[in-house]
Amino acid sequence: MSNRKLSLLLKVVTVILAVGVSSVSISLLVGITRLDQLLGIQKPKGESAKTNSDRVMSASAVAITLATVKMNEVPKPFEGTIVYQAKLKANEKVIALTFDDGPSPKNTAQILEILKKNNIKATFFMVGQMVKYFPQVAKQVAADGHVIGNHTWHHWYFQMDGATASSEIDRTADIIYKTTGEKTTLFRPPGGFLNNGLAQYARNEKYAVMMWSEQSGDAERRSPQVPMLVKNVLKQAKPGAIVLLHDGGGNRSKSVKALPEMIAGLKAQGYRFVTIPQLLEMQAQEESVVTAVSSVTTNHEHPNHQ
């Protein structure tokens, strides 16, 4: 081959390579998939897998968030109201276990284990500063599928002005959300006090103010021994009842010991366990059915004669 032909061939090869490199550079810079395909360039499998994984994780996060919001929703009729128990039919043997004053590192963890063994979901009314001190415990409550309610920041009883009441409830709602991802519209006033400014603020903010219809007595100054705690709960049990228990605010070892016996006794009576939002939803549905039936009956009683 002559030097002239060789020189010409080298120039052609150089041009082709230059065009190829430029094309690849353009593709990388502007992300033109079509050009990548034409040049036979493929993304590494790891990169594609990572992108797909990120998308799946993102979708899962959205699904979890939506599920959490749904789980904590309170039916509209109960927003801004005070509730002591759900009004259900006598054969609707459901009951809600609630735990106040946590989270605490020992008692709450033990209670969670008992609930998990019995496949029970409960409602935990948390104190804001306790969530701050023990965030991992609060996260575990949420991870186990339980519902979280607002129990103020300091657990104060005294009379409060609007600004103090707002701070107590709003700060707690904020830290619960930031720590667990749960947005709650359930509020329980410390000590059950309804006239110190807290309940009024909560109602104005559309919280359902949740009281209780029965209690074990585990927070009394001289709390009963375990057998009496169990007896107190079992003898008061009724459809739609809300049971007040404690996982914080002091030594709750008696509550922990009594809980398995309470659960066994309630199950023996035919009860199943639900969260507060589930309990309220059941009442809302029953009332909706009653309203619909009443409407039909009224129409039949007053036919439209032609």
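If you're matching positions, the sequence shown starts at 2 in the numbering used here and goes up one per residue. All residues carry an ideal CB built from backbone N, CA and C; glycine is no exception. Values in this document were obtained by computation on a predicted structure and should not be read as measured data.
Where residue i falls: helix, strand or coil (DSSP)
{"i": "V70", "result": "Confidence is the limiting factor: at V70 the pLDDT is only 49, short of 50, which leaves the residue's position unreliable, though a coordinate-based value still follows. Looking at V70 - three-state DSSP - the assignment turns out to be helix."}
{"i": "L98", "result": "strand"}
{"i": "I121", "result": "coil"}
{"i": "T52", "result": "Because the pLDDT at T52 is just 46, under 50, the model does not fix this residue reliably, and the point stays unresolved."}
{"i": "G271", "result": "coil"}
{"i": "G103", "result": "strand"}
{"i": "V84", "result": "strand"}
{"i": "V75", "result": "coil"}
{"i": "E288", "result": "helix"}
{"i": "A110", "result": "helix"}
{"i": "V25", "result": "Since pLDDT at V25 reaches only 38, below the 50 mark, its modelled position is unreliable, and no value is offered."}
{"i": "L89", "result": "coil"}
{"i": "V259", "result": "Strictly speaking, residue 259 in this sequence is Ala, with Val absent from that position. If DSSP states are grouped into helix, strand and coil, A259 belongs with the helices."}
{"i": "A238", "result": "coil"}
{"i": "I277", "result": "helix"}
{"i": "V132", "result": "helix"}
{"i": "T34", "result": "Its pLDDT being 41, under 50, T34 is placed unreliably by the model, and nothing is read from it."}
{"i": "V16", "result": "Note that V16 has pLDDT 43, beneath the 50 cutoff, so the model's placement of it is unreliable and the number below is only indicative. Helix."}
{"i": "A265", "result": "helix"}
Contacts around residue i, its chain only, beta-carbon distance under 7 Å, and the 5 residues preceding and following it disregarded
{"i": "E262", "result": "V231"}
{"i": "I149", "result": "F125, M127, V142, A143, I177, T181, E183 and T185"}
{"i": "Q192", "result": "It is worth fixing the name first, because residue 192 is Gly in this sequence and not Gln. Answer for G192: Y158, listed in chain order."}
{"i": "K88", "result": "G241 and Q284"}
{"i": "D162", "result": "G198"}
Contact check, residue i vs residue j, beta carbons under 7 Å
{"i": "V95", "j": "A209", "result": "no"}
{"i": "H147", "j": "K122", "result": "yes"}
{"i": "G129", "j": "A166", "result": "no"}
{"i": "W213", "j": "I170", "result": "no"}
{"i": "I264", "j": "N119", "result": "yes"}
Through-space distance from residue j to residue i, alpha-carbon basis
{"i": "N1", "j": "L195", "result": "The structure shown does not extend to residue 1, since the chain is modelled only from 2 through 307, so no value can be given for it."}
{"i": "Y202", "j": "E282", "result": "24 Å"}
{"i": "Q86", "j": "F79", "result": "12 Å"}
{"i": "P76", "j": "A285", "result": "7 Å"}
{"i": "R223", "j": "G249", "result": "16 Å"}
{"i": "P106", "j": "K133", "result": "12 Å"}
{"i": "A200", "j": "P190", "result": "6 Å"}
{"i": "L30", "j": "K179", "result": "Legend: pLDDT at L30 = 38, less than 50; position of this residue unreliable, value from coordinates given subsequently. Distance between the alpha carbons of L30 and K179 is about 38 Å."}
{"i": "L113", "j": "L267", "result": "18 Å"}
{"i": "G103", "j": "H247", "result": "8 Å"}
{"i": "H156", "j": "T173", "result": "11 Å"}
{"i": "Q160", "j": "W154", "result": "15 Å"}
{"i": "D145", "j": "L116", "result": "9 Å"}
{"i": "G271", "j": "A164", "result": "46 Å"}
{"i": "M131", "j": "N92", "result": "38 Å"}
{"i": "K236", "j": "N252", "result": "24 Å"}
{"i": "V234", "j": "S168", "result": "34 Å"}
{"i": "F100", "j": "M211", "result": "12 Å"}
{"i": "D175", "j": "E287", "result": "33 Å"}
{"i": "A60", "j": "A238", "result": "Low confidence applies to A60: its pLDDT is 42, below 50, so where it sits in the model is not reliable, and the reading given next is rough at best. So the alpha carbons of these two residues sit roughly 42 Å apart."}
{"i": "A220", "j": "A269", "result": "26 Å"}
Spatial neighbours of residue i in its chain, beta-carbon cut-off 6 Å, leaving aside the 5 residues before and after
{"i": "Q216", "result": "L245"}
{"i": "K207", "result": "E80 and G81"}
{"i": "S289", "result": "none"}
{"i": "P225", "result": "G218"}
{"i": "L280", "result": "A87 and A97"}
{"i": "F135", "result": "P104 and P106"}
{"i": "R273", "result": "V95"}
Neighbourhood of residue i by C-beta, 8 Å cutoff - its chain only, sequence neighbours within 5 removed
{"i": "M229", "result": "G218"}
{"i": "V227", "result": "K255, K258, A259 and E262"}
{"i": "V275", "result": "V95, I96, A97, K122 and M283"}
{"i": "N73", "result": "V148, I149, E183, K184, T185, T186, L187 and P278"}
{"i": "V138", "result": "G103, P104, S105, P106, T109 and A110"}
{"i": "K140", "result": "T180 and T181"}
{"i": "K90", "result": "P240 and E287"}
Ordered list of alpha helix (DSSP H) runs contained in the segment 139 to 219, each at least 4 residues = Whole alpha helix (DSSP H) segments, 4+ residues: 163 to 181 and 199 to 205.
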